[in-house]
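Enquirer:
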Amino acid sequence: MISFHAPEQDSSRFRWRVLVAGVFALVCFLLLASRFYYLQVQKFDYFHTRAEDNRIALLPIVPNRGTIVDRNGVVLARNYAAYTLEITPARTNGLEETIEALNQVVPIDARDRRRFRKLLEESRSFESVPIRNRLSDEEVARFVAQRYRFPGVDVQARLFRDYPLGASASHVVGYIGRINQRDLERIEERDDAANYRGSDHIGKSGLELSYEAELHGTTGFEQVEVNAGGRAVRRLSSTPAVTGSDLELNLDMELQKIAETAFGDRRGALVAIDPSTGGVLALVSAPSFDPNLFVDGISTQDWKGLNDSPDHPLLNRAIYSAYPPGSTFKPFMALAGLTTGKRTPSQAIADPGYFNFAGHRFMDDKIGGHGTVDLHKSIVVSCNTYYYQLANDLGIDGIANFMSQLGLGSRTELDLPGEAEGVLPSPAWKRKRFRKPEQQRWYGGDTISVGIGQGYNAYTPLQMANATAALVNGGKVFRPHLVRHVIDSRTGEKRVVEPEPVREIALKPEHVAAVRRAMVEVNKVGTGSRAFAGAPYESGGKTGTAQVYSLKGSKYVEGRVRERLRDHSWFIAYAPADKPKIALAVLVENGGFGSQSAAPIARQVIDYHLLGKRPNQPAPEDVDAVENAD
Amino acid sequence: MSDNRFHPLRLLQAFLRPIDPVLMLILAALFGYAFVLMSSASPERLDSQMTHMAVAVGVMWFAAWLPSQRLLSLALPLYLAGVVLLVGVALFGEVSKGAQRWLDIGVTRIQPSELMKIAMPLMLAWFFQQREGRIGWREFIFAGLLLAVPVGLIVKQPDLGTSLLVAAAGFYVIFFAGLTWKLIVPVAVVGIVGIGSIVAFGDTLCQPGVEWVGMRDYQKHRVCTLLDPTQDPLGKGFHIIQSTIAIGSGGLMGKGWMDGTQTHLSFLPERHTDFIFAVLAEEFGLFGALVLLVIYLALFARGFLIAARAPTLGTRLLAGAVTMIFFTYAFVNMGMVSGILPVVGVPLPFISYGGTALVTLSLGVGILMSVHRSRLVNKT
């Protein structure tokens with residue numbers, strides 16, 4: 001029990017307690033000091049990094065996308081700055097009310113709203129999402145005056161992609177669109193994610209897709225010091241963005257437009273190639289579409305219109321659709337016969353109008369036959385019997401070997417995405433293609449049909465054009481390319497896109513000359529002569545008709561067949577005859593005979609290319625071309 | 001003779017007489033440090049803080065000038081007034097941020113719990129002095145009751161931080177008055193074991209469903225946040241995380257005055273008030289922090305020396321308690337900012353921005369000076 005104490009005793013006990021308290025305070029302070037030592041010395045590196053992470057943010061600077069121009073500088077794809085109205089949902093007082101009130105100031109239609117909803121789902125609430133694009137100056141002024149009413153809404157200047165020529169060459173140029181999940185995965189795979197920070201758009205098709213890496217450019221970065229609220233306070237350093245490279249095409253837009261006009265409202269494709277370089281001068285797939293529709297995200301209505309159309313405007317027929325080549329196959333067969341030694345130019349056959357094979361009679365178009373037929377005549381009159389026999393002599397492997405060298409039945413590796421392989425038939429192909437054993441077997445009769453360009457073989461207009469180019473240039477097979485130069489935006493340096501042939505077929509010049517002579521004759525007196533009547537230059541060509549539907553047993557009467565069941569019309573050509581500057585393939589779907597629809601289109605294109613002549617109307621259909629058809 | 005009386009030098013001498021030069025020097029060092037830190041952390045508040053300092057020095061001078069026995073005689077009225085005001089707060093107080101702490105007396109709002117920080121040790125020192133020579137267990141029980149009433153009222157508000165500080169202030173007097181170790185040691189052991197087990201089983205105890213007996217949710221939350229600041233990275237945890245980053249990234253010599261990135265980029269919350277120590281540690285490093293610790297230790301040493309030499313029981317208890325209050329403020333604040341104690345609203349003594357705490361603490365310094373002077377008076 002604590003009881004009475006003398007003051008002196010009290011005082012000394014108090015001093016003891018003061019000492020205890022003092023020691024306690026000292027120990028506590030040593031604890032603090034050791035804590036500081038731990039944080040500031042032992043864990044310094046860790047906290048130093050944490051503090052740096054805290055304060056430095058990298059803000060991307062999005063590069064301008066490269067432009068695309070044709071060989072003469074005509075712009076196919078460019079950028080322009082416009083104002084967008086953007087909403088940061090997290091900063092608004094109610095999204096619906098904001099949009100409603102905004103609509104009173106700047107019209108926002110149902111389409112804008114739908115697109116906004118879609119974008120909203122893909123974004124986070126603190127990101128700014130565009131609701132209206134391309135505001136007029138007046139709209140910008142109206143909004144700015146009332147901005148105080150709209151927290152979380154802002155006007156931003158952004159660059160938009162623009163395709164000034166609209167539907168012209170749209171299958172070549174393609175389009176860009178907003179980066180979606182699949183694009184993101186692809187970007188991750190390429191290990192390119194950093195370069196796409198801040199980018200909204202990416203190439204989706206055409207050159208915009210295949211040259212994405214060149215067009216996009218390099219994203220710049222600004223190192224900024226940010227405060228706890230994430231607001232940039234000070235710029236520490238900045239690495240400017242590098243504008244994407246520009247593309248200069250081999251394409252001649254004037255030629256392209258003339259070819260497009262020549263098609264009128266017909267469906268089909270045209271590929272024109274410079275045979276000395278492999279450069280693509282024109283690449284048409286008709287009908288076409290306006291790529292501008294895709295840039296901001298295509299509306300459901302527009303998408304349905306394009307996607308559900310029986311004409312399939314989104315389909316790139318020039319590189320994706322493969323058709324039996326019909327008689328346009330014959331010049332290549334003739335060359336194969338000469339090169340393999342199975343035929344000489346002078347060797348002739350007597351054509352009775354049919355070819356018997358294994359108990360089956362393969363008919364010629366001309367009843368009674370063409371009489372005596374040598375190689376030259378076989379092409380000019382398009383004699384089936386000659387090629388039935390030649391196919392039989394070459395055998396399917398002989399045909400396949402030669403044609404594959406020309407690039408038929410395999411991708412040409414054109415610098416566009418989405419090319420089809422086509423079909424170069426062979427026993428191996430048939431085994432792979434079919435499941436049932438009896439279907440898998442290769443029959444001799446199959447070979448006979450292939451010989452005249454019917455049967456299983458099917459090639460894209462691009463393959464036909466490229467093979468024609470290789471034929472007329474004496475066997476140089478190029479990888480065709482749309483882009484001629486990639487122009488570095490920093491140095492202005494032009495990088496040439498591979499003019500070297502990927503393969504040279506060992507052809508004898510006299511063999512090539514024999515075939516070319518026959519093709520020139522086709523355009524003089526043969527099936528191409530009506531289309532090329534009066535041309536001030538010499539050209540070579542070959543018509544072809546790809547059977548869509550065979551009416552067994554009865555003579556083919558075109559008028560009775562519904563339009564979609566009409567044969568496809570083919571034409572391959574080159575000009576001028578002595579020193580070819582252009583080689584092309586034209587296909588008109590359901591265009592009937594080659595001489596009827598395809599050849600007149602070729603005429604207009606070659607006329608412009610050699611003479612600068614502009615027809616400015618669709619190529620006429622030669623309704624009388626029925627006679628002497630191939 | 002009469003001429004001499006009004007001689008300016010003599011006037012100055014008379015004015016300076018209550019001042020203890022040692023304490024004044026320490027206080028000047030702290031104010032100097034505060035000035036340097038405030039001009040980095042919150043220069044716009046520099047002027048008003050200097051006003052606070054001037055007022056604080058005035059209050060200090062007045063307390064120092066007042067004889068210590070006179071000070072003690074103010075204890076009962078101050079204490080009673082404080083309790084009445086606290087009851088008033090409970091009945092008519094203004095509610096702000098979920099707590100009822102302020103009383104509107106027309107002219108201004110006052111926070112009676114702040115007054116209690118000084119009234120409490122004064123009251124107990126006075127009480128023990130009254131019972132000098134007759135202090136037994138009854139006195140300790142009565143002292144405990146005197147302490148429990150205001151502390152209970154402050155806990156009710158609720159204001160955990162202030163109630164702990166007031167309880168500590170009262171406890172120091174009782175401790176210095178000679179409370180038996182037989183009581184202190186077991187309570188200390190229970191306390192340490194209790195805190196230890198909270199730390200050890202924090203994960204389980206901090207599960208959302210678990211209710212803590214006698215504690216409000218926010219109090220539990222504070223303790224749990226201390227145990228694992230990452231649990232609440234954007235709330236209270238954010239403060240601790242950012243202040244430890246500030247301290248740790250300061251390193252040995254600091255980032256330099258005005259160059260603290262945590263401070264200047266607003267990552268540091270309340271950088272001019274409760275978390276100003278983090279500014280110091282970031283900009284002046286371990287070196288700057290240790291300098292502050294040394295200044296504080298000098299303050300305590302001087303305080304304890306004054307207490308040990310004090311002539312009467314009341315002044316001894318008062319001086320000892322006031323010194324321990326300084327220590328408590330400093331330790332709790334720095335412990336909280338460096339992440340070893342829960343986040344409770346305690347300013348860094350003499351450094352943090354704010355008038356009320358500065359006045360209260362300077363009053364404490366004045367009391368020490370007064371006690372120091374009473375010894376000299378007794379001697380002469």
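Chain order of the listed sequences is S and Z. Numbered according to the UniProt record's numbering, the first sequence terminates at residue 630, and the numbering increases by one at each position without gaps. Numbered according to the UniProt record's numbering, the second sequence terminates at residue 380, and the numbering increases by one at each position without gaps. We treat Cβ as the ideally placed atom computed from N, Cα and C, and that holds for glycine.
1) To the nearest angstrom, report how far apart V153 (chain S) and V226 (chain S) are at their CA atoms.
2) Tell me which residues share the same chain as Q617 (chain S) and place their Cβ nearer than 6 angstroms to its Cβ, disregarding the 5 neighbours each side in the sequence.
3) Can you have a look at Q604 (chain S) and say buried or exposed, based on whether 16 or more other CB atoms are within 10 angstroms of its CB?
4) So the beta strand (DSSP E) S237 (chain S) belongs to, where does it begin and stop?
5) Roughly how many angstroms separate the alpha carbons of S426 (chain S) and T344 (chain S), rounded to a whole number?
6) For the alpha helix (DSSP H) that contains K304 (chain S), what are its first and last residues?
7) Please report the distance separating the alpha-carbon of V522 (chain S) from that of Y320 (chain S).
8) Using C-beta distances below 8 angstroms, list every residue in its chain close to A454 (chain S), excluding the 5 sequence neighbours before and after it, in chain order.
9) Mind checking I192 (chain Z): buried by the 16 CB within 10 Å criterion, or exposed?
10) At a CB-CB cut-off below 8 angstroms, which residues of chain Z make contact with H48 (chain S)?
11) Using a threshold of 8 angstroms, state whether the C-beta atoms of I87 (chain S) and S128 (chain S) are closer than that.
12) For the stretch 583-591 of chain S against the stretch 511-522 of chain S, do three or more pairs of beta-carbon atoms, one drawn from each stretch, fall closer than 8 angstroms, so that the two count as touching?
13) In angstroms with no decimal places, state the Cα-to-Cα distance between residue 661 (chain S) and R186 (chain S).
14) Could you tell me which residues DSSP pairs with S597 (chain S) in its beta bridges?
15) Which word fits E419 (chain S), buried or exposed, when buried means at least 16 other C-beta atoms lie within 10 angstroms of its C-beta?
16) State yes or no: is the beta carbon of Q301 (chain S) nearer than 8 angstroms to at least one beta carbon in chain Z?
17) What does DSSP give as the partner residues of D246 (chain S) in its beta bridges?
18) If D488 (chain S) sits next to S245 (chain S), beta carbons under 8 angstroms apart, how far is it from one beta carbon to the other, in whole angstroms?
19) Cα separation between L414 (chain S) and L611 (chain S)?
20) Report yes or no: is there a C-beta of chain S within less than 8 angstroms of the C-beta of T244 (chain Z)?
21) Could you tell me whether the Cβ of E189 (chain S) comes closer than 8 angstroms to any Cβ of chain Z?
22) When you compare the CB positions of T261 (chain Z) and A51 (chain S), do they come within less than 8 angstroms of one another, or not?
23) For a cutoff of 8 angstroms on Cβ pairs, would you count I118 (chain Z) as touching chain S?
24) Would a check of beta-carbon distances place M369 (chain Z) closer than 8 angstroms to chain S?
25) In the DSSP assignment, what residue or residues form a beta bridge with I61 (chain S)?
26) I'd like the list of long-range same chain contacts for R375 (chain Z), defined as Cβ closer than 7 angstroms, with 5 residues on each side in sequence excluded.
27) M324 (chain Z) versus chain S: which residues are under 8 angstroms apart at the beta carbon?
28) Going by DSSP, which residues form a beta bridge with G268 (chain S)?
29) Throw me the rounded Cβ distance for the L408 (chain S) and Y459 (chain S) pair, which I believe falls under 8 angstroms.
30) Taking the alpha-carbon of V381 (chain S) as reference, which of S:R65, S:E208, S:G492, S:D365 has the nearest alpha-carbon?
31) Relative to the C-alpha of L265 (chain Z), which residue among S:D70, S:D53, S:E254 is closest?
32) Would you call M258 (chain Z) buried or exposed, if buried means 16 or more other Cβ atoms sit within 10 Å of its Cβ?
33) Taking the beta strand (DSSP E) that T84 (chain S) belongs to, which residues open and close that run?
34) Under 7 angstroms Cβ-Cβ, which residues of chain Z neighbour V233 (chain S)?
35) Taking all protein chains shown into account, decide if I367 (chain S) is buried (16 or more other Cβ within 10 angstroms of its Cβ) or exposed.
36) Buried or exposed for Y388 (chain S), going by 16 or more other Cβ atoms inside 10 Å?
Expert: Quick look at the numbers:
1) Stepping through the first sequence from its first residue, residue 153 (chain S) is reached at position 153. Stepping through the first sequence from its first residue, residue 226 (chain S) is reached at position 226. Looking at the backbone, the Cα of V153 (chain S) and that of V226 (chain S) are separated by about 22 angstroms.
2) In the first sequence, residue 617 (chain S) corresponds to position 617, counting from 1. None.
3) As a first step, residue 604 (chain S) must be located in the first sequence, where it is residue number 604. Note on Q604 (chain S): 16 or more other CB atoms within 10 angstroms of its CB, so buried under the neighbour-count rule.
4) Position 237 of the first sequence, counted from the start, is the residue given in the question as residue 237 (chain S). According to the DSSP assignment, S237 (chain S) belongs to the beta strand (DSSP E) that extends over 232-239.
5) The residue given as residue 426 (chain S) occupies position 426 in the first sequence. The residue given as residue 344 (chain S) occupies position 344 in the first sequence. The alpha-carbon of S426 (chain S) is positioned some 25 angstroms away from that of T344 (chain S).
6) For the purposes of this step, residue 304 (chain S) is taken as the residue at position 304 of the first sequence. Going by DSSP, K304 (chain S) is part of the alpha helix (DSSP H) stretching over 300-308.
7) Taking the first sequence and counting its residues from 1, the one referred to as residue 522 (chain S) is at position 522. Taking the first sequence and counting its residues from 1, the one referred to as residue 320 (chain S) is at position 320. Spanning the two alpha carbons is a distance of roughly 28 angstroms.
8) Taking the first residue of the first sequence as 1, we reach residue 454 (chain S) at position 454. Contrary to the premise, residue 454 (chain S) reads as Gln rather than Ala in this sequence. Counting only Cβ-Cβ distances below 8 angstroms, and skipping sequence neighbours, we find P324, G326, A546, Q547.
9) Here residue 192 (chain Z) is taken as the residue at index 192 of the second sequence, counted from 1. I192 (chain Z) is exposed by the Cβ-count criterion.
10) Locating residue 48 (chain S) in the first sequence gives position 48, counting from the first residue. Those are G248, S249, G251, listed as they occur along chain Z.
11) Your numbering for residue 87 (chain S) matches position 87 in the first sequence. Your numbering for residue 128 (chain S) matches position 128 in the first sequence. Contact flag set, yes.
12) The stretch 583-591 of chain S and the stretch 511-522 of chain S do not touch, with fewer than 3 CB-CB distances between them shorter than 8 angstroms.
13) Residue 661 (chain S) lies beyond the stretch modelled for chain S, which goes from 1 to 630, so this question has no answer here.
14) Here residue 597 (chain S) refers to the residue found at position 597 when the first sequence is read from its first residue. Residue pairing of S597 (chain S) in beta bridges, as defined by DSSP: absent, with no partner found.
15) For the purposes of this step, residue 419 (chain S) is taken as the residue at position 419 of the first sequence. With 16 or more Cβ atoms within 10 Å of its Cβ, E419 (chain S) is classed as buried.
16) Numbered from 1 along the first sequence, position 301 holds the residue referred to as residue 301 (chain S). The beta carbon of Q301 (chain S) sits no closer than 8 angstroms to any beta carbon of chain Z.
17) Against the first sequence, residue 246 (chain S) aligns to sequence position 246. D246 (chain S) is bridged to S:I487.
18) Here residue 488 (chain S) refers to the residue found at position 488 when the first sequence is read from its first residue. Here residue 245 (chain S) refers to the residue found at position 245 when the first sequence is read from its first residue. The pair is a contact, with the Cβ atoms about 6 angstroms apart (cut-off 8 angstroms).
19) Residue numbering aside, residue 414 (chain S) sits at position 414 when the first sequence is read from its first letter. Residue numbering aside, residue 611 (chain S) sits at position 611 when the first sequence is read from its first letter. About 28 angstroms.
20) The residue labelled residue 244 (chain Z) in the question sits at position 244 within the second sequence. It does; some Cβ of chain S falls within 8 angstroms.
21) Numbered from its first residue, the first sequence carries residue 189 (chain S) at position 189. Proximity of E189 (chain S) to chain Z, defined by a Cβ-Cβ separation below 8 angstroms, is not satisfied.
22) Translated into the one-based positions of the second sequence, residue 261 (chain Z) becomes position 261. Translated into the one-based positions of the first sequence, residue 51 (chain S) becomes position 51. Yes, they are a contact pair.
23) Start at 1 with the first residue of the second sequence, and residue 118 (chain Z) comes out as number 118. Cβ-Cβ to chain S under 8 angstroms: no for I118 (chain Z).
24) The residue given as residue 369 (chain Z) occupies position 369 in the second sequence. Chain S, which has no Cβ nearer than 8 angstroms to the Cβ of M369 (chain Z), makes this no.
25) For this step, residue 61 (chain S) is matched to residue 61 along the first sequence. Per DSSP, the beta-bridge partners of I61 (chain S) are S:G220.
26) Looking up residue 375 (chain Z) in the second sequence gives position 375. Correct list, in chain order: R309, A310, P311.
27) On the second sequence, position 324 is the one that residue 324 (chain Z) refers to. Within chain S, the residues near M324 (chain Z) are A21, A25.
28) Locating residue 268 (chain S) in the first sequence gives position 268, where the first residue counts as 1. Residue pairing from DSSP places G268 (chain S) in a beta bridge opposite S:A286, S:V588.
29) Along the first sequence, read from residue 1 onward, the residue named residue 408 (chain S) stands at position 408. Along the first sequence, read from residue 1 onward, the residue named residue 459 (chain S) stands at position 459. About 5 angstroms separates the two Cβ atoms, so the contact holds.
30) For this step, residue 381 (chain S) is matched to residue 381 along the first sequence. Closest in C-alpha terms to V381 (chain S), from the list S:R65, S:E208, S:G492, S:D365, comes S:D365.
31) For the purposes of this step, residue 265 (chain Z) is identified with residue 265 of the second sequence, where counting begins at 1. Checking every option, the nearest Cα to that of L265 (chain Z) belongs to S:D53.
32) Here residue 258 (chain Z) refers to the residue found at position 258 when the second sequence is read from its first residue. Residue environment for M258 (chain Z): exposed (fewer than 16 other C-beta atoms within 10 angstroms of its C-beta).
33) Here residue 84 (chain S) refers to the residue found at position 84 of the first sequence. Membership of T84 (chain S) in the beta strand (DSSP E) is indicated by the continuous run 75-87.
34) Position 233 of the first sequence, counted from the first residue, corresponds to residue 233 (chain S). The answer, in chain order, is L265.
35) As a position in the first sequence, residue 367 (chain S) is number 367, starting the count at 1. Exposed: under 16 other Cβ atoms inside 10 Å.
36) The residue given as residue 388 (chain S) occupies position 388 in the first sequence. Buried, by the Cβ-count rule.
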